[in-house]
Amino acid sequence: MREVNIFTPDVVAITPDAVAKVKNLQAEENNSNLKLRVYVTGGGCSGFQYGFSFEDTSEDDDTLICSDGITVLVDSLSYQYLEGSTLDYEQSLMGSRFLIKNPNAQTTCGCGLSFSI
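Just so we're aligned, residue 4 is where the sequence shown starts under this note's numbering, counting upward by one.
Following this line, the structure appears as structure tokens:
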């Protein structure tokens, strides 16, 4: 039997801008079932880096974070690094992107995608 953990947005807070962008991308793809996966991998100039992808389905070890009609997926390994973070979406002259504001990060890279614990 498959076990699915569903948590409230307190695990990873999701800003209204991030919710709006996910909904916009779902509409562009004509697929309201798409879920945003947020993950952590080794790499970047600070040791770890954030990654983002869209997926139709979740994995057995995923935590599902539901907020305002969207679902964010976090795998069990990434969960420990992302707990307490905020997922945001920013637009600036430099471009637009999803952004993680992580209170657990000791240092972050100037690009905002790399961090260390």
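Even glycine gets a Cβ: it sits at the ideal position worked out from N, Cα and C.
Checking 9 Å against the spacing of the C-beta atoms, do residue i and residue j come in under that value?
i, j, result
"Arg-40", "Phe-55", "yes"
"Asp-78", "Thr-89", "no"
"Val-43", "Tyr-84", "yes"
"Thr-22", "Gly-72", "Here residue 22 turns out to be Val, not Thr, going by the sequence shown. In this structure, Gly-72 lies closer than 9 Å to Val-22 by Cβ."
"Ser-70", "Ile-17", "yes"
"Tyr-82", "Asp-20", "no"
Provide the residue span of the beta strand (DSSP E) that contains residue i, from first to last.
i, result
"Glu-31", "Looking at the DSSP string, Glu-31 is not in any beta strand (DSSP E); the run it does join, the alpha helix (DSSP H), is 19-31."
"Leu-76", "73-77"
"Leu-15", "The displayed chain sequence assigns Val, not Leu, to residue 15. Careful: Val-15 lies outside any beta strand (DSSP E) and carries neither H nor E."
"Glu-62", "Careful: Glu-62 lies outside any beta strand (DSSP E) and carries neither H nor E."
From the options, pick the residue whose C-alpha is nearest to that of residue i; which is it?
i, options, result
"Leu-80", "Thr-89, Gly-45 and Phe-57", "Gly-45"
"Phe-57", "Ser-70, Thr-74 and Cys-69", "Thr-74"
"Asn-105", "Leu-76, Gln-29, Asn-27 and Tyr-53", "Tyr-53"
If contact is defined by three or more beta carbon pairs under 8 Å, each pair taking one atom from either stretch, is the region 61-71 in contact with the region 91-100? Note that the region 91-100 does not touch the region 61-71; fewer than 3 beta-carbon pairs, one per stretch, sit closer than 8 Å.
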